[in-house]
Structures are given as structure tokens and as C-alpha cells.
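Here the structure is laid out as C-alpha cells; the discussion comes afterwards.
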Amino acid sequence: MARRFTDPFDADASLGPCGCGRTHGAGFACDTVPNASEADGTGAYGEVAEQAVLRALYPDDSTRRGMLRAVGAGTLFAAINAVFPLAAAREALAQAPAAGAIEKRDLKIGFIPITCATPIIMADPMGFYRRHGLNVEVIRTAGWAVIRDRSIAREYDAAHMLAPMPVAMSLGVGVAQPIPFAVAAIENVNGQAITLATKHRERRDPRSWRGFRFAVPFDFSIHNYLLRHYLAEHGLDPDRDVQIRAVPPPEMVANLRADNIDGFLGPDPFNQRAVFDGVGFIHILTKELWDGHPCCAFAVPRSMITDTPNTFHALLRAIVEATAYSQAAGNRREVAAAISGQNYLNQPQTVVEQVLTGTFADGLGRVQRVPDRIGFDPFPWHSMAMWIMTQMRRWGQLQRDVDYRQVAEQVFLATDAANAMRALGQPVPSSTVQSFQVMGRTFDPANPAPWTERGIRTS
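Heads up: the sequence shown begins at 151 in this note's numbering, then just goes up one per residue.
This is the structure we're talking about:
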């Protein structure tokens with residue numbers, strides 16, 4: 151079954167149903183086909199194969215788009231499939247996507263200096279990019295809005311992004327128009343915390359936090375959604391009872407010290423840096439709210455996948471390999487040494503080691519041992535993206551109903567991540583969705599609607 155051909159920036163790209171039987175929004179091409187396995191080439195490389203065939207048959211852009219408009223993508227691909235084995239082409243490309251030459255070796259990747267970016271950062275000094283034939287410059291960037299804008303402007307070939315950002319960009323939320331971006335891999339799970347100013351040591355009950363001023367890294371962040379859910383579960387309205395503002399992570403500790411905020415739900419190493427500097431304490435690790443939650447992602451424009459597929463494949467494999475290396479407990483101190491320097495995190499190595507090893511001072515006079523305080527797992531579960539979208543809807547960022555599963559399949563490239571993981575001998579989940587618990591409540595991917603309700607707990 152053929153997938154719908156799309157030009158990601160074609161305003162008419164939503165014409166006609168996909169081979170999966172559904173009609174997708176502009177810029178989207180289905181990442182799953184009914185009765186197809188995760189390894190059969192129906193991910194981004196299936197799109198590459200189909201676009202290549204279509205462009206070969208109709209090299210003129212106007213003719214090609216005219217045919218798509220005239221008969222619809224489903225009908226056109228069905229006709230092509232009758233004389234050309236598209237399924238075989240998709241499968242061959244998925245199984246050996248690196249057979250061709252790398253189209254672009256010199257790449258720029260933007261990152262924010264936080265431990266969530268560990269695989270992206272350490273892949274530079276530890277040689278993972280070079281191992282896969284790439285010359286990558288990783289560029290420290292001031293904040294998430296800058297990352298987004300430079301990525302849209304193509305100043306960066308790929309970027310470290312908060313996992314919700316490519317979802318929002320692809321849906322046209324927070325940007326002027328939909329910008330098709332994809333999560334090729336998750337960078338980290340867990341690895342965040344709620345940190346409060348030292349003066350609040352005796353105010354550990356969230357019900358006493360009315361009037362508090364909190365910082366999160368960005369409006370479209372797992373931090374914002376988890377903080378809001380945490381407050382709501384403790385009877386506070388996040389929009390009325392407290393203030394929540396976006397603050398770039400490197401500025402959080404300074405704002406805490408200056409008494410501009412009472413606390414933050416943010417990424418490390420800045421929770422640990424607040425403890426190190428004596429200005430804050432770790433109230434709770436986010437793994438205690440949702441163990442295994444995503445935070446940051448390795449994001450690419452959809453056009454990179456189709457325009458330079460071999461570059462995309464090599465880059466994804468480098469990231470997946472670096473992620474696995476970072477996950478191994480025995481490598482954590484070595485990785486901490488590699489990323490602590492001035493060009494990367496620019497933090498005391500002992501602070502980074504406390505985060506990565508999970509043996510840390512919490513600012514309350516205790517040394518805690520939480521080996522999985524932060525983890526590195528590249529698989530972009532579709533169910534993660536679905537929960538993210540329910541929270542966008544819940545808190546008024548997403549003003550319309552969407553097919554959560556469909557959008558998740560478009561933006562989170564589970565098939566391609568699975569192919570890269572499998573090629574490197576890593577275990578791959580048998581499904582792209584799973585249920586999980588957030589503060590004791592089960593998220594069921596088959597019934598996400600209850601999570602869109604504002605729901606401030608009153609008891």
C-alpha cells in the first residue's frame with residue numbers, strides 16, 4: 151500500500167487520503183501502513199523511495215503536482231504500484247539506507263547547555279559523528295526560541311529540542327504557520343526536578359504555594375506540562391494561583407538567587423547547580439511524577455529526510471550509538487568529563503557527575519542515590535507524543551481537536567529510530583505505544599480524551 155506523497159511546504163499537500171486510509175494535514179506523510187511491520191520500510195525511508203519513484207516518472211514539478219491534484223495520491227500510487235514494486239523499493243531502502251554516499255558531511259547542530267543534550271554533545275569530543283562519516287559542529291545556543299528560529303531558518307541542519315517543540319511546530323502552534331519537523335530520537339528520559347529557593351525549606355506542601363513564581367524552560371516543554379499537572383493534582387490552578395514564566399535554563403539559578411522566582415521545574419545540571427551554590431534544594435525529581443518521561447529530542451526538518459536521506463541515516467545512527475553509550479552506568483563519569491567543559495555545559499565536573507551518576511546532595515542535608523535520575527533511551531514512543539498533545543489541549547495551547555495517534559506517527563519517527571537501533575544491535579520495542587502512569591493516573595493511548603480535561607483536584 152502506498153503512502154501519500156507530500157511536499158512539506160506545499161499548501162495543497164493535504165489533498166487526498168493516505169495509503170493508510172486517512173487524510174492527513176499539510177506537511178504530513180504517514181509513518182505507519184496497516185498490516186506492516188515496524189521494519190518494512192514504511193517510515194521516513196519509505197517516503198524517500200516513493201518520492202524518488204514519483205520524481206523519476208514526473209520530473210517536472212508542475213506535471214507531478216497536477217497529477218496528484220487530478221487523481222489523488224492514493225489512486226496515483228496504486229497505479230504506479232501495479233507496474234513498479236514500491237513495496238520492494240521501500241523495504242530495500244529501509245534495510246540498507248546507507249548504501250549511497252553521504253550527501254552532506256558538514257553539519258551544524260544547535261544545543262542548549264543542559265545534561266538532556268548529553269548524546270548530542272558527547273558525540274562531538276568522543277568521535278561518534280566522525281565514526282559515521284560526518285563533520286559536525288555543535289553550537290551552544292542561548293534559549294529554545296533561538297533554537298527554533300535558527301532551525302526554521304536552516305542555520306542549523308538539526309537541533310536539540312524539547313520533545314513537544316516539533317509537535318507544536320508541525321501543528322502550527324506557537325509559530326506563524328505549520329513547519330514540518332520530526333523527532334528522530336529521544337535524547338533523554340527523566341533528568342528534571344522541581345527546585346525551590348532555600349527560604350522555602352519549610353514549605354514542602356504544594357498546597358501552600360499560592361502566589362509562588364515558577365520558571366520553566368519554554369511554554370512547549372514537558373516541564374511546563376508536568377508542573378501544571380503537579381500543581382493541579384494538589385489543588386492549585388496553574389493559571390490563577392501561581393505565576394509560570396519561561397526562563398532559559400542557564401538563567402534559572404541566577405533568577406533564584408536574585409529572588410525573581412521561588413522555584414523552577416527545570417533540567418539539570420541547574421537543579422544540582424542551585425544546590426552546589428547554596429541557593430536552592432531539590433524538592434522532587436520528575437521521575438517520581440512520571441518514571442521514564444521524555445524531555446528532550448533530536449529533531450530534524452522533514453525535508454532533511456527526503457533531500458539528504460543518507461546524511462539523515464548516518465546522523466541518526468551516530469546519535470543512537472552515542473545515546474546507548476551515555477546510558478551505560480560505567481561510562482557516566484567519562485561522559486561527564488567530556489561534556490563539562492567551557493565549549494559545552496561550562497559547569498563544574500562534580501555537578502555534572504552528581505547528575506549523571508545519580509549520587510547527589512539534595513540541599514536538605516542528605517546524599518541521595520538514584521542511579522536512574524537521568525536515562526538515555528532513543529526510542530520515540532508515539533504514546534509520549536500523544537500525552538504531550540493532550541496537555542497542549544488541556545492548557546489551551548492547542549485550540550482544536552486533532553487525531554493524536556495520527557500526528558504522533560507523523561512527528562515521532564519510531565520506525566526510523568527502530569531501524570537505526572536494530573542496525574546497531576540494540577533491542578527495539580514491539581509496539582510504538584504503551585500505557586504509563588503520571589502521578590498514579592494511567593494514561594491509556596486508546597483513550598487519551600480524559601487527559602484533556604482541565605481537572606483541578608479539589609480534595
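Cβ atoms here follow ideal geometry from the backbone N, Cα and C, with glycine treated the same way. These figures come from a predicted structure and were not determined experimentally.
Host alpha helix (DSSP H) of residue i (start-end)
| i | result |
| --- | --- |
| residue 299 | 294 to 302 |
| residue 459 | 459 to 477 |
| residue 540 | 532 to 544 |
| residue 126 | Missing from the structure shown is residue 126; the chain here goes from 151 to 609 and no further. |
| residue 268 | 268 to 272 |
| residue 488 | 482 to 489 |
| residue 547 | Element bounds for residue 547: n/a, residue is neither H nor E. |
| residue 420 | 420 to 426 |
| residue 372 | 372 to 383 |
| residue 558 | 554 to 561 |
| residue 403 | 402 to 407 |
| residue 441 | Segment: none, residue 441 is in no alpha helix (DSSP H) and carries neither H nor E. |
| residue 569 | 564 to 573 |
Which residues DSSP lists as bridging residue i, in chain order
| i | result |
| --- | --- |
| residue 446 | 312 |
| residue 116 | Nothing can be reported for residue 116: it is not among the residues displayed for the chain, which extend from 151 to 609. |
| residue 435 | 343 |
| residue 510 | 518 |
| residue 363 | 393 |
| residue 250 | DSSP lists no partner for residue 250. |
| residue 524 | 340 |
| residue 261 | 290 |
| residue 451 | 331 |
| residue 277 | None, per the DSSP bridge assignment. |
| residue 324 | For residue 324, which the question treats as bridged, DSSP gives no partner whatsoever. |
| residue 430 | 347 |
CB contact flag (residue i, residue j, <8 Å)
| i | j | result |
| --- | --- | --- |
| residue 403 | residue 431 | no |
| residue 335 | residue 530 | yes |
| residue 446 | residue 311 | yes |
| residue 494 | residue 297 | no |
| residue 133 | residue 540 | Nothing about residue 133 can be reported from this structure: the residues present for the chain run from 151 to 609 only. |
| residue 417 | residue 289 | no |
| residue 442 | residue 374 | no |
| residue 392 | residue 359 | yes |
| residue 667 | residue 526 | Nothing about residue 667 can be read from this structure; the chain reaches only from 151 to 609. |
| residue 524 | residue 385 | no |
| residue 287 | residue 258 | yes |
| residue 415 | residue 465 | no |
| residue 429 | residue 348 | yes |
| residue 567 | residue 532 | no |
| residue 412 | residue 362 | yes |
| residue 130 | residue 292 | The structure shown does not extend to residue 130, since the chain spans only 151 to 609, so no value can be given for it. |
| residue 252 | residue 461 | yes |
| residue 520 | residue 435 | yes |
| residue 565 | residue 269 | no |
| residue 449 | residue 275 | no |
| residue 556 | residue 320 | no |
| residue 437 | residue 522 | yes |
| residue 426 | residue 394 | no |
Residue i: first and last residue of the uninterrupted beta strand (DSSP E) it sits in
| i | result |
| --- | --- |
| residue 287 | 285 to 290 |
| residue 417 | 413 to 417 |
| residue 586 | 586 to 588 |
| residue 663 | As displayed, the chain neither begins before 151 nor continues past 609, which places residue 663 out of reach and without an answer. |
| residue 393 | 393 to 396 |
| residue 329 | Run containing residue 329: none; DSSP gives neither H nor E here. |
Inter-residue CB distance, residue i and residue j (contact presumed, cutoff 8 Å)
| i | j | result |
| --- | --- | --- |
| residue 111 | residue 366 | What is shown of the chain runs 151 to 609, which leaves residue 111 out entirely. |
| residue 383 | residue 589 | 5 Å |
| residue 285 | residue 256 | 5 Å |
| residue 451 | residue 331 | 6 Å |
| residue 345 | residue 408 | Contact doesn't hold; Cβ gap of about 15 Å is too wide. |
| residue 503 | residue 486 | 4 Å |
| residue 370 | residue 444 | Not a contact, Cβ separation roughly 13 Å. |
| residue 422 | residue 505 | 5 Å |
Near the ligand SAM: residue i beta-carbon under 7 Å from a heavy atom
| i | result |
| --- | --- |
| residue 593 | The ligand SAM is not part of this structure, which contains no ligands at all. |
| the segment 578 to 588 in contact with the segment 345 to 364 per 3-pair CB rule at 8 Å | no
| message | Pairs of beta-carbons, one from the segment 463 to 470 and one from the segment 276 to 295, closer than 8 Å: are there three or more? | response | yes
| query | Within the chosen definition, does the segment 495 to 509 reach the segment 562 to 579 through at least 3 CB pairs nearer than 8 Å? | reply | When Cβ pairs closer than 8 Å are counted between the two stretches, the segment 495 to 509 is seen not to touch the segment 562 to 579, the count staying below three.
| said: Does the contact criterion of 3 or more C-beta pairs under 8 Å hold for the segment 597 to 608 versus the segment 532 to 548? | reply: yes
| Are the segment 398 to 416 and the segment 319 to 332 touching by the rule of at least three beta carbon pairs closer than 8 Å? | no
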